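Going down the list, the protein sequences come from chains A and B.
For the first sequence, position 32 matches number 84 in this note's numbering, and the numbering has no gaps at all.
For the second sequence, position 222 matches number 490 in this note's numbering, and the numbering has no gaps at all.
Every residue gets a Cβ at the ideal spot worked out from N, C-alpha and C, and that includes glycine.
Every value quoted in this text rests on a predicted model; they were computed, and no experiment measured them.
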Amino acid sequence: MKYPIFLFLFSFFLFTSCEKNSTEEILWWHDADVVELDASDFELNISDTSATGSFVKFSFSEGNTVTHDNWDVAFRGTTLIVNGGEKAHNDQPDRTGNAAVYIATGSMSAIDSVDTTKLLQDNSSGSAILNNIMIDDLGVSGQGWASYSFSTHLFSPRAGRILVFRTHDNKYAKMQIIYFYDSLNPDTGSGDIGGFYTFNYVYQSEEGNTMF
Amino acid sequence: MRCLLLILTLLFALPVFGQSDSILIKKKLQEVIISATKTNQTVNELPIPITIISEKEVQEFSASKLYDVITKQTGIVSVTTKTGTEGLQMQGLDASYTTFLIDGFPIIGRSFGTLDLNRISVADIERIEVVKGPSSSLYGSNALGGVINLISKKQIDDGPIISTSLKHATYNSTNSSLVYKYKEGTFQISNSFDYYKTDGYDLIDTDLLSTVNPYSNYTFRSNLKYVLSDKLLLNTNGHYYKQEQINIAADSSSLLKGESNIKEWSLGTSAKYLMNANFFQQLEIYKTNYRADEFLNTEDGVLYEDNYFDHTLLQSEMKSSFTYKGLNSILGFGITKEELSRRDFSNNPEQDLKFIYGQLDATAFNKVNIILGSRYDNYTNYTPVVSNKLALGFSLTNKIQINGSVGTGFKTPDFRQKYFDFTNSTIGYIVLGRDVAIDRLDAMQNIQEVVPFSELSSPLKSETSLNINIGLKYNPTDNLSFDLNLFNNKVNDLIEWKLVAKDENNTNIYSFFNVNQVETKGLEFNTTYKKVDDWEIKFGYQLLYAYDTEVVKDIEKDDSDYYALDTETLTSVKLNKEDYFGLFNRSRQMGNIKFNYHLNDKTEMNTMLTYRSKYAISDSNGNGILDTYDKFIDGYSLCDVGITHQISLLKTCQIGIKNIFGFTNPEYISNISGRLYYMSFKINFK
Chain A
53 MKYPIFLFLF
63 SFFLFTSCEK
73 NSTEEILWWH
83 DADVVELDAS
93 DFELNISDTS
103 ATGSFVKFSF
113 SEGNTVTHDN
123 WDVAFRGTTL
133 IVNGGEKAHN
143 DQPDRTGNAA
153 VYIATGSMSA
163 IDSVDTTKLL
173 QDNSSGSAIL
183 NNIMIDDLGV
193 SGQGWASYSF
203 STHLFSPRAG
213 RILVFRTHDN
223 KYAKMQIIYF
233 YDSLNPDTGS
243 GDIGGFYTFN
253 YVYQSEEGNT
263 MF
Chain B
269 MRCLLLILTL
279 LFALPVFGQS
289 DSILIKKKLQ
299 EVIISATKTN
309 QTVNELPIPI
319 TIISEKEVQE
329 FSASKLYDVI
339 TKQTGIVSVT
349 TKTGTEGLQM
359 QGLDASYTTF
369 LIDGFPIIGR
379 SFGTLDLNRI
389 SVADIERIEV
399 VKGPSSSLYG
409 SNALGGVINL
419 ISKKQIDDGP
429 IISTSLKHAT
439 YNSTNSSLVY
449 KYKEGTFQIS
459 NSFDYYKTDG
469 YDLIDTDLLS
479 TVNPYSNYTF
489 RSNLKYVLSD
499 KLLLNTNGHY
509 YKQEQINIAA
519 DSSSLLKGES
529 NIKEWSLGTS
539 AKYLMNANFF
549 QQLEIYKTNY
559 RADEFLNTED
569 GVLYEDNYFD
579 HTLLQSEMKS
589 SFTYKGLNSI
599 LGFGITKEEL
609 SRRDFSNNPE
619 QDLKFIYGQL
629 DATAFNKVNI
639 ILGSRYDNYT
649 NYTPVVSNKL
659 ALGFSLTNKI
669 QINGSVGTGF
679 KTPDFRQKYF
689 DFTNSTIGYI
699 VLGRDVAIDR
709 LDAMQNIQEV
719 VPFSELSSPL
729 KSETSLNINI
739 GLKYNPTDNL
749 SFDLNLFNNK
759 VNDLIEWKLV
769 AKDENNTNIY
779 SFFNVNQVET
789 KGLEFNTTYK
799 KVDDWEIKFG
809 YQLLYAYDTE
819 VVKDIEKDDS
829 DYYALDTETL
839 TSVKLNKEDY
849 FGLFNRSRQM
859 GNIKFNYHLN
869 DKTEMNTMLT
879 YRSKYAISDS
889 NGNGILDTYD
899 KFIDGYSLCD
909 VGITHQISLL
919 KTCQIGIKNI
929 FGFTNPEYIS
939 NISGRLYYMS
949 FKINFK
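The following block contains the structure:
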């Protein structure tokens, strides 16, 4: 009775060979066109959900983080602020420019112009971009640029959410946030709190031109 | 898919090899099932998908708990749900949609809707009946996906029987059982005691925690049968279960230690009055309680956190059965009363239910089988629900049978969805049950409304379902069988939590809503070829598509909100229907092959391979759905090998290896422990 054993082993082989090899993970965020930025210096105060830490300022015209006042957008943990309007808390940098922002839905290339009527500046009650991105598991409310998962406790930037900016000096830029962690397999259990931004952007250096 | 076709071709070709030397056994075993109709019925006559797991199958790999047995069945998989608890998925349906019974009495103690199958001992189980498809028309809420009924062993001969077993396995796991049965004429008693202890295991060495902490549990079951007269039968069932587990967790800086304990008991009694050969009446009263307590202390011994869960069910049911020629009917009615007391609940909720059901099954012209059933459930605080079922079977020839069934089912909102009042201080959010949400929100200051609060004023609706099964059974010879079943389940008004408001500190407040509709459809295929006393091969396969119908609808729209990041080009891609993989935790394909080989008339070897294709437990790219751009958990295979040797008529020993390849996935799969060796002895005394 050799047949059954042979058949079994053969189908066994088939089953196991059906499994795909796990795809090699590509370190895609190290691409040159992409900006990486460490804004992980923040701590959340549980009792009143206020955060402390320092903001990392970014300038679109310089394409880099800056420490001077001519910044356009600044990051701290999950909070994004723009250099325009009023500050909501004393620990935020002063607003010296005319920057504003809104979130558009579409792919980076599909967002080819700025709808200036949608632009909002920060005000004393909060930032123009919801600073609390804990929308929900299903993404039903869908207002933010990221979603939070209650099962993994991780924040994921939402694809198709493009942040459209007016810079501090009335130029325009669009940005897509790609990643929020410095590890490819972030694990909140082992201390991955996030705040490591990876994003790409397009900057329109001609003043007043709303087309990208 | 290609390899699947190969396997299928292979298996269809199999009988050609085997037939020439097979001995035809004319006498066919008439398997009997009770769960499908609440009366004893032969399986072949029922036009609905049924699987019977025999005692032999339960014993094959020296199973200790229901988990070990049931997860080997085609299309049944144990999954970790969104809330972190583990439960059973059948036909791609959620773990809360299957009802579990022992000798017909329901098992309670569900955590977030799921039942821990490692709690249920199979020490004294004669068979396990699995009814797939809607069973609400007989069993009410929670049975919309099916019913799993464990039937305890009956004794036929007079006198005592003592069965003992001892098993030892990797991770210092020990399982011992003692069953004492005694029968004298009209009186029968059965007591079983089962003890299980394990050191648990750890898949991740780098942290201080274990994947499964050490635990031990014991189960005591008792059954008493007494035939008072040839008309009156009394039956009493009772059980007690206790589990103790070490509970260890980590705070941001220190280790927390405590215990996690479960106590469970039940007592049920029934009286059956046989008026004549065609008519009987039965009265049942059943009470069961499940209590879980857990606590964690800091290193200094100060209480850090404690938690409890206490659920009681009281059920009383009266049923009458009438049989005439090919016609069986059952009519029943009853009441149940449920109580729950739990931490994070605003009150101790109660739920009362009155129900009445009737089912008719008939065989006509030896060719047509029909089941017609209906049940009416009247809850104190919901609108009444009617569940219906119609099943039809035709025997085309004595080898081919076509079955079709359609049914409706429901699941009432659970206590958590109604009365939860939970604040997570670590991440900072609040979850409120629907019935308490309005009052709590009104009492809060400076609330920012996300969903109009008027939407919270109406009570939650039950989740309802429409299920269709179409099956084909083909038995070309007595040794060979093919069984194909196509299924389609639509579940409406699924209850999910949704953001309703933000408080003055921007803390999110969630409550429960009837939101979406899901659909699961696919096919299940099983085939068996048996060469009596020589070898047997079984193959099972399930193909499954499960998705949210709203997502399917929305994703096709031009202004759809569903995008994903293409990680190679770093651009956002608008998703289309083909990119939507479906619901979380569902594998497109699952399969198993089992091979049983008789080395000689006393020794047999069993080998089993189960396969599950890739799936994902959560969204990794922030669009809320599972799409082809998401990170998946790779598919995997598990293989078990076991040898059973009959030392003498009353002595058996078993030895084997589970998960022979030692597959683990520490990151995503915590319930697969790695390679496991076991050895067991069974000795019976007469």
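At a beta-carbon threshold of 7 Å, the residues of chain A lying near alanine 832/B are Ala211, ordered along the chain.
The region 421 to 437 of chain B and the region 666 to 679 of chain B do not touch, with fewer than 3 CB-CB distances between them shorter than 8 Å. In the structure shown, the three-state DSSP call for aspartate 645/B is strand. Look at the beta carbons and you see the region 354 to 362 of chain B touching the region 337 to 344 of chain B: at least three pairs across the two are nearer than 8 Å. No Cβ-Cβ contact shorter than 8 Å links glutamate 573/B with leucine 581/B. Beta-bridge annotation (DSSP): tyrosine 407/B is not paired with any residue.
As the crow flies, the alpha-carbon of glycine 536/B is around 12 Å from that of asparagine 557/B. Taking the beta carbon of threonine 353/B as reference, no residue of chain A falls within 7 Å; the closest one sits roughly 11 Å away. Residue-level contact by beta carbon fails for valine 166/A and chain B, as no gap is shorter than 8 Å. In this structure, the alpha-carbon of isoleucine 861/B lies about 32 Å from that of lysine 306/B. For valine 86/A, at least one C-beta of chain B is nearer than 8 Å to its own C-beta. Proximity of chain A to leucine 748/B at the Cβ level (cut-off 7 Å) is not reached, the minimal Cβ distance being about 14 Å. Going by beta carbons, lysine 499/B and leucine 542/B fall inside the 8 Å limit. Here glutamate 772/B carries a coil assignment [DSSP, helix/strand/coil].
Arginine 387/B places its beta carbon 8 Å or farther from that of isoleucine 419/B. Just so you know, the alpha carbons of asparagine 874/B and cysteine 907/B end up roughly 10 Å apart. Note: leucine 754/B is bridge-paired with Ile738/B, Leu791/B in the DSSP secondary-structure output. In its chain, beyond the 5 residues on either side, Ala140 have a beta carbon closer than 8 Å to the beta carbon of glycine 178/A. Counting along the chain, glutamine 619/B sits inside the beta strand (DSSP E) bounded by residues 618 to 632. Ranked by Cα distance from lysine 422/B, the options Ile416/B, Leu406/B, Ser458/B, Thr442/B are led by Ser458/B. Inter-segment contact for the region 317 to 330 of chain B and the region 921 to 941 of chain B is present: three or more beta-carbon pairs are separated by less than 8 Å. Burial of leucine 709/B is indicated by the presence of at least 16 other C-beta atoms within 10 angstroms of its C-beta. Scanning chain B for C-beta atoms nearer than 9 Å to the C-beta of glutamine 228/A yields Leu833, Leu838, Thr839, Ser840, reported in chain order.
Scanning chain B for C-beta atoms nearer than 7 Å to the C-beta of threonine 204/A yields Ser886, reported in chain order. Bridge partners of asparagine 485/B according to DSSP: Tyr464/B, Gln511/B.
Note on the region 319 to 379 of chain B: whole beta strand (DSSP E) runs with a minimum of 3 residues are 344 to 348, 354 to 358, 366 to 370, in chain order. Contact annotation: phenylalanine 548/B and serine 589/B have beta-carbon atoms nearer than 8 Å. CA-to-CA, the gap between glutamate 818/B and aspartate 761/B works out to about 11 Å.
Interface annotation, aspartate 371/B: not in contact with chain A, CB-CB separation never under 8 Å. With 16 or more other Cβ atoms inside 10 Å of its own Cβ, lysine 798/B counts as buried.
Cβ contact annotation for aspartate 802/B (same chain, cutoff 7 Å, sequence separation greater than five): His866, in chain order. Shown here for threonine 566/B: same chain residues with a beta carbon closer than 8 Å to its own, the five before and five after excluded, namely Asp519, Ser522, Leu524, Tyr572 in chain order. Residue-level contact by beta carbon holds for glutamate 935/B and chain A, with a gap shorter than 8 Å. Put simply, the backbone Cα of asparagine 844/B is about 21 Å away from that of serine 199/A. The Cβ of aspartate 629/B sits no closer than 8 Å to any Cβ of chain A. DSSP, read as helix, strand or coil, puts valine 311/B in helix.
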